[in-house]
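J.: As you go down the protein sequences, you meet chains A and B in turn.
So for the first sequence, the numbering used here puts the first residue at 11; every next one is plus one.
So for the second sequence, the numbering used here puts the first residue at 1413; every next one is plus one.
Ideal Cβ positions, reconstructed from N, Cα and C, are used throughout, including at glycine.
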Amino acid sequence: MTEGIHERQKLARELAKAPTGITGLDEITLGGLPRGRPTLVCGSAGCGKTLLGMEFLVRGTQLGEPGVCITFEERVEDLIANVASLGFDLPQLIAEKKLRLDHVHLDPSQIEEAGEYDLEGLFVRLGYAIDAIGAQRVLLDTIEALFAGLSDTGILRAELSRLFSWLKDKGVTTIVTGERGEGQLTRHGLEEYVSDCVILLDHRVSETIFTRRLRVVKYRGSVHGTNEYPFLIDEHGIAVLPITTLDLQHTVSDERISTGIPRLDTMLGGEGYYRGSSVLVSGTAGTGKTTLGAQFVNAACGRGERCLFFGFEESLGQITRNMRSVGVDLAPWVQAGLLQYHGTRPTSYGLEMHLVKMHKLIEDFQPRVVVIDPVTSFLNSGTPNEVKGMLTRLIDFLKSREVTALMTTLTSEVEHLEQTDVHVSSLIDTWLVLRDLESGGERNRGLMVLKSRGMAHSNQIREFLLTKNGIALQDVYSGPAGVLAGSARLAQEAHEEAEELLQQYALAEKRRQSERKRKVLEAQIAALQADMAAEETELQRLARQEELRQTQRQRARFAMAQMRQADATGAPAMSGDNIHTGKRP
Amino acid sequence: MSNTPGTVGDLQQESADQSESWNMRLYIAGQTPKSLRALANLKQICEQHLAGKYHIEIIDLLENPQLASIDQILAIPTLIRKLPEPMRKIIGDLSNVERVLVGLDLRPGA
């Protein structure tokens, strides 16, 4: 199995291819049409076969490969006029010998078949034209017209078979166009002769919307995109859009860019979105999705990056006015040429046309940031699956160009916030959800990061406020009463503040009380100390009295002794005892 | 190629009646059996029906490929009746005489 795939890839590498130069077709065919071989392009009338062939030739001349067109249906002048609208100047190319046109006209009413013949005349003309300018590309448009002009189909088939092998021998890359037939690819079974590569063009109208589609039915020896790819014919030629690129090979950037809201940057790992990532902003009506997008655009323009804003609900005037009311002025960026705004009604064209238009605008303007507001509008022009397919392609395309995309989507049901109506969530790198927080009879906006690949992001719900100065994010109050926002949050905060105040009062009161108590105690201490002092004074007085009394008594005793003529002693005894002792024999 | 267009083209018969001049051109691409057969058949038919009043010019596209688109030549051999007007175109080796006569507007007995 793997060996088979490997083998196929090897073949794809080895098979020489001639780039068509047609937008998208070379991607589907992985390089172009088989070089030096014929390719059949079939489809019903008006599906763009001739234009595809002519663009193949004209782009070839730009790649240095001259081309020859043999037209069997249109006259040369008509052909020139028809492709002039695509900006192809055939007369100029003819004058420069890069292109040759030859009209092979067959009028069966003028021709009588009388016997055996071959188509050597065609070979001669083709060979002459190829040699004259050294052509490497050939368009035969529509060779099946021969079947209408010549009756001998046996000869015709043999000659066609010979023609294709002759073309291969010549080594020219050929496109053969054929009219779509019943039950087979072409009316006359041209696919029998052209077996290398078959491309089928188709156009259909579904729900009044016209879409052209292209499919590579077969490509011998090469891998190719097998899906039906929508394509568009506009003033620059054909543009084919691969719905899904064959592989995921985007270059990935580590660069981070601000969301335009500092607090949201903080929530996204502190730095904002990754460059080239796709951001989805989902939410119910009126939650501020557009404002979030506008703020992002405002920041990007402020950095000098080009932004492309696709609005499907508002006109430029409307959105600038509305955004000015929240402090985001987009008008200067538009004037400076940094911001392009494209407001279209989603129902104006089909999905494919939208996609192609967006592709073209992105190609032309080369923005770094694209905002699509909202993607859910596309549901008016297609089924969810088709929209998903389209958005996948768009996101792929934007990623391959490192364009940061912000898409908004309107969620209809509050219960299914984690689902988008367009089912693109799996393609999204960063998903912001805006939701209503209803409580206390009012509606507030909450923002959360549902996912954000490759970064540590906040898991918190933030209150999302639209102020005069843009978006502000606030912490929400989360407590036993749940998540509170808006005035409920304010009430809760006021309540907490009051409680704080009361506590402070209580503390102050307590402080005063203890102060008082301290003062009382201090007074008591002072009184006691006064008592104590009084006591001591008394004690001293008593001591002195006692001393005086003692002295007095001694003096009196001495005097009495003197009066009694007692033993004369040298000196009066200092103490009564001594006196007594002295007195005793 | 042994016959140049010039020598073959000299198969010219001066007609007595100039107004009834038939001017024909036979386109071939090399001396293929089909081409030779066509030339032989043409000469025979002309001799039979237009004796003395026809002129045949032979153009070999291998030598003058640029002439092919002027007369819108696709099939080989192609016979073109230039004169009398209107122009007629007959393709094939002219082996089906009946159809050649219809193509040249020369009904038997006319």
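Of all the options A:SER288, A:TRP343 and A:ASP275, which has the alpha carbon lying nearest to the alpha carbon of VAL307 (chain A)?
T.: Within the first sequence, numbered from 1, the residue matching residue 307 (chain A) stands at position 297. Per the Cα distances, A:TRP343.
J.: Could you have a look at ARG378 (chain A) and say whether DSSP puts it in helix, strand or coil?
T.: Here residue 378 (chain A) corresponds to residue number 368 of the first sequence, with the count starting at 1. The answer is coil: DSSP assigns ARG378 (chain A) none of H, G, I, E or B.
J.: By the DSSP assignment, the alpha helix (DSSP H) with VAL182 (chain A) in it spans what residues?
T.: The count along the first sequence starts at 1 and reaches residue 182 (chain A) at position 172. Where VAL182 (chain A) is concerned, there is no enclosing alpha helix (DSSP H), given that its DSSP letter is neither H nor E.
J.: For GLU425 (chain A), which residues in the same chain have their Cβ closer than 7 Å to its Cβ, ignoring the five residues on either side in sequence?
T.: Walking along the first sequence from the start, residue 425 (chain A) turns up at place 415. Residue confidence for GLU425 (chain A) is low, a pLDDT of 49 falling below 50, so the modelled location carries little weight; the figure read from the coordinates is stated next. For GLU425 (chain A), where only same-chain residues beyond five positions count, there are no Cβ hits under 7 Å.
J.: When DSSP labels each residue in this structure, what does ASP1505 (chain B) get in the three-state scheme?
T.: Stepping through the second sequence from its first residue, residue 1505 (chain B) is reached at position 93. In this structure, ASP1505 (chain B) counts as coil in the three-state DSSP scheme.
J.: Is the CB-CB distance between LEU170 (chain A) and TYR127 (chain A) below 8 Å?
T.: On the first sequence, residue 170 (chain A) is found 160 positions in, with the first residue counted as 1. On the first sequence, residue 127 (chain A) is found 117 positions in, with the first residue counted as 1. The answer is no: Cβ separation not under 8 Å.
J.: Which residues in chain B have a C-beta closer than 9 Å to the C-beta of TYR138 (chain A)? List them in chain order.
T.: By 1-based counting over the first sequence, the position of residue 138 (chain A) is 128. Under the 9 Å cutoff, chain B gives LEU1473, PRO1477, GLN1478, ALA1480 and SER1481.
J.: So which residues on chain B does GLY121 (chain A) lean against when the C-beta distance must stay under 7 Å?
T.: One-based indexing of the first sequence puts residue 121 (chain A) at position 111. Strictly speaking, residue 121 (chain A) in this sequence is Ile, with Gly absent from that position. Neighbours of ILE121 (chain A) on chain B, chain order: LYS1501 and ILE1503.
J.: Using CA atoms only, rank isn't needed, just tell me which of A:GLY399, A:GLN376 and A:MET417 is closest to VAL385 (chain A).
T.: Translated into the one-based positions of the first sequence, residue 385 (chain A) becomes position 375. Ranking the options by Cα distance to VAL385 (chain A), first place goes to A:MET417.
J.: Rank A:ALA495, A:THR354 and A:LEU160 by C-alpha distance to the C-alpha of GLY451 (chain A) and give the top, closest one.
T.: For the purposes of this step, residue 451 (chain A) is taken as the residue at position 441 of the first sequence. When each option's Cα is compared against that of GLY451 (chain A), the closest is A:ALA495.
J.: If we call anything under 8 Å between Cβ atoms a contact, is CYS79 (chain A) one with ASP151 (chain A)?
T.: Here residue 79 (chain A) corresponds to residue number 69 of the first sequence, with the count starting at 1. Here residue 151 (chain A) corresponds to residue number 141 of the first sequence, with the count starting at 1. Closer than 8 Å, so yes.
J.: Whole angstroms are fine: how far does the CA of PHE319 (chain A) sit from the CA of ILE329 (chain A)?
T.: Locating residue 329 (chain A) in the first sequence gives position 319, where the first residue counts as 1. Locating residue 319 (chain A) in the first sequence gives position 309, where the first residue counts as 1. Approximately 11 Å, taken between the alpha carbons.
J.: Could you name the residues that DSSP lists as bridge partners for PHE133 (chain A)?
T.: The residue labelled residue 133 (chain A) in the question sits at position 123 within the first sequence. Paired residue(s): none; PHE133 (chain A) is not in a bridge.
J.: Taking 8 Å as the CB-CB cut-off, is ALA94 (chain A) touching chain B?
T.: Translated into positions along the first sequence, residue 94 (chain A) becomes position 84. Taking Cβ atoms only, chain B never reaches closer than 8 Å to ALA94 (chain A), which makes this a no.
J.: TYR1439 (chain B) versus chain A: which residues are under 8 Å apart at the beta carbon?
T.: Mapped onto the second sequence, residue 1439 (chain B) falls at position 27. Within 8 Å Cβ-Cβ: GLY131.
J.: Across which residues does DSSP place ILE1488 (chain B) in a beta bridge pair?
T.: Taking the first residue of the second sequence as position 1, residue 1488 (chain B) is located at position 76. Paired residues: A:ASP128.
J.: Can you pull the chain A neighbours of LYS1455 (chain B), defined as C-beta to C-beta under 8 Å?
T.: In the second sequence, the residue the question calls residue 1455 (chain B) occupies position 43. Within chain A, no residue comes near LYS1455 (chain B); the closest Cβ sits about 15 Å away, beyond 8 Å.
J.: Can you confirm whether TYR127 (chain A), when its beta carbon is compared against all beta carbons of chain B, has any partner nearer than 8 Å?
T.: Taking the first sequence and counting its residues from 1, one reaches residue 127 (chain A) at position 117. Interface residue, yes.
J.: Which stretch, first to last residue, makes up the beta strand (DSSP E) that contains SER449 (chain A)?
T.: For the purposes of this step, residue 449 (chain A) is taken as the residue at position 439 of the first sequence. Here the beta strand (DSSP E) through SER449 (chain A) covers 440–449.
J.: Measure the alpha-carbon distance for SER597 (chain A) versus VAL291 (chain A) and round it to whole angstroms.
T.: Residue 597 (chain A) is absent from the model: chain A starts at 11 and stops at 595.
J.: Just to make sure I have the definition right: I need the residues of chain B whose C-beta is within less than 8 Å of the C-beta of ASP112 (chain A). Which are they?
T.: What you label residue 112 (chain A) is simply residue 102 of the first sequence in a count that begins at 1. The answer, in chain order, is SER1481.
J.: Does DSSP put ARG403 (chain A) in a helix, in a strand, or in coil?
T.: Here residue 403 (chain A) refers to the residue found at position 393 of the first sequence. It is helical.
J.: Output yes if chain A places a C-beta closer than 8 Å to the C-beta of ARG1511 (chain B); else output no.
T.: Here residue 1511 (chain B) refers to the residue found at position 99 of the second sequence. So yes, ARG1511 (chain B) belongs to the interface.
J.: Hey, would you say PHE66 (chain A) sits closer than 8 Å to THR30 (chain A), going by beta carbons?
T.: Taking the first residue of the first sequence as 1, we reach residue 66 (chain A) at position 56. Taking the first residue of the first sequence as 1, we reach residue 30 (chain A) at position 20. Result yes, Cβ atoms of PHE66 (chain A) and THR30 (chain A) sit closer than 8 Å.
J.: Find the residues of chain A that neighbour PRO1489 (chain B), judging by a C-beta separation of less than 7 Å, and give them in chain order.
T.: Numbered from 1 along the second sequence, position 77 holds the residue referred to as residue 1489 (chain B). The answer, in chain order, is TYR127.
J.: Any contact between the segment 272–284 of chain A and the segment 237–251 of chain A? By contact I mean 3 or more CB pairs, one from each, below 8 Å.
T.: Judged by Cβ distances under 8 Å, the segment 272–284 of chain A makes no contact with the segment 237–251 of chain A, as fewer than three pairs qualify.
J.: Does ARG135 (chain A) come within less than 8 Å of chain B when only Cβ atoms are used?
T.: Along the first sequence, read from residue 1 onward, the residue named residue 135 (chain A) stands at position 125. Yes, contact with chain B.
J.: What is the rounded straight-line gap between the Cα of ASP485 (chain A) and the Cα of LYS461 (chain A)?
T.: The residue labelled residue 485 (chain A) in the question sits at position 475 within the first sequence. The residue labelled residue 461 (chain A) in the question sits at position 451 within the first sequence. If I take the Cα positions, the gap works out to 19 Å.
J.: Under a Cβ-count criterion, where at least 16 other Cβ atoms within 10 Å of its own Cβ denotes burial, should GLY144 (chain A) be classed as buried or exposed?
T.: Within the first sequence, the letter at position 134 stands for residue 144 (chain A). Exposed, by the Cβ-count rule.
J.: Below 6 Å CB to CB, which residues in the same chain sit around ALA482 (chain A) once its five sequence neighbours on both sides are set aside?
T.: The sequence position of residue 482 (chain A) within the first sequence is 472, counting from 1. Closer than 6 Å at Cβ, skipping near neighbours: LEU475.
J.: Does the beta carbon of ASN1508 (chain B) sit closer than 8 Å to a beta carbon anywhere in chain A?
T.: Here residue 1508 (chain B) refers to the residue found at position 96 of the second sequence. Yes, ASN1508 (chain B) counts as interfacial toward chain A.
J.: For chain A, check one thing: does any of its Cβ atoms lie closer than 8 Å to the Cβ of LYS1446 (chain B)?
T.: On the second sequence, position 34 is the one that residue 1446 (chain B) refers to. Interface residue, yes.
J.: What span of residues does the beta strand (DSSP E) with LYS461 (chain A) cover, start to end?
T.: Here residue 461 (chain A) refers to the residue found at position 451 of the first sequence. Start and end: 452–462.
J.: Assign GLU425 (chain A) to one of three DSSP states: helix, strand, or coil.
T.: Sequence index remark: in the first sequence, residue 425 (chain A) carries index 415 (1-based). Low local confidence applies: a pLDDT of 49 at GLU425 (chain A) is under 50, so the model's placement there is unreliable, with the coordinate-based value given in what follows. It is helical.
J.: Does the Cβ of HIS505 (chain A) have 16 or more other Cβ atoms within 10 Å, making it buried, or fewer, making it exposed?
T.: Indexing the first sequence from 1 puts residue 505 (chain A) at position 495. HIS505 (chain A) should be labelled exposed.
J.: Within 10 Å of its beta-carbon, does THR184 (chain A) have 16 or more other beta-carbons around it, so buried, or fewer, so exposed?
T.: Counting from 1 along the first sequence, the entry for residue 184 (chain A) is found at position 174. Flag for THR184 (chain A) reads buried.
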